[in-house]
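Numbering follows numbering that gives the first Met the number 0, with no gaps: position 110 of the sequence shown is 109. Glycine included, every Cβ here is placed at the ideal spot set by N, Cα and C. Here the structure comes first, spelled out in structure tokens, and everything after it is commentary.
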Amino acid sequence: MLPCVKANGADVSVNPSAKLYFLISFFVFVADQITKYLIEQKLALYGSIPATTYLNIVNWRNKGSAFGLFQSWGNKPFIILSAAVLVIIACLLIFGTKDMFALSLILGGAAGNMTGRIMTGSVVDFLDFYYGKYHWPAFNVADMALTCGIGLMIISHFRRG
């Protein structure tokens, strides 16, 4: 029998597939932390290794949000926002909702970047795509998971009408 919670007098069952989606989130988190650890161990801070004609592996620190925006805000607002997002998404996964896979990607990515902010005050970014002198801002596994999760949610929203 599934555990239940009372919400406004009604029984609310725990989603039986929640464990699977938390496992996906955990996998994203672990992959993110391992790749960031390897970059920190193998490449000097702000170092760069050309990987292909369009990709450098770099060791960069992002103290802001996406694309390095809002760096002057410091880490505290980003940690608080991430913690709130983690709690909300965890609740959505526990009690079941639409877009569970997308939410699990977002949960893992948010947890990965929040960990870096708490531990070092910044997020390690290491994938630097470019064409000529034009560079996309460096990013990491957590950023990919966040982007894919949000993208899947947007697609799902428009498909539902």
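Let me make sure I understand the geometry here. Which of the options has the alpha-carbon closest to that of residue i?
i	options	result
G148	T114, F138, Y130 and I105	I105
G107	Y20, A50, L42 and S16	Y20
Y133	L42, F26, L54 and L37	L54
I48	V57, Q40 and I88	V57
R116	G46, F77 and Y45	F77
T51	L151, G131 and M152	G131
L161	K35, W59, I33 and L37	No answer is possible for residue 161: it lies beyond the span of the chain, which begins at 0 and ends at 160.
G46	K62, F125, K35 and T146	F125
L80	L92, G63, I93 and F94	G63
V84	P136, L145, R159 and L42	L145
N61	I87, L92, F138 and Y36	F138
T96	D142, Q32, M152 and I33	M152
Could you give the DSSP three-state label for residue i: helix, strand or coil?
i	result
L106	helix
N61	strand
N112	helix
V122	strand
S155	helix
Y45	coil
D31	helix
D98	coil
S12	strand
V140	helix
For residue i versus residue j, is the C-beta spacing smaller than 8 Å?
i	j	result
S103	I23	yes
A82	M113	yes
F28	A110	yes
M99	S12	no
S155	A101	yes
N14	F94	yes
E39	V123	yes
Tell me residue i's beta-bridge partners as DSSP assigns them.
i	result
N74	DSSP output for N74 lists no bridge partner at all.
L54	F128
Y133	Y130
F21	Paired residues: none, contrary to the question.
Give a yes or no on whether the minimum CB-CB distance between residue i and chain B is below 8 Å.
i	result
L54	Included in the structure is just one protein chain, with no chain B present.
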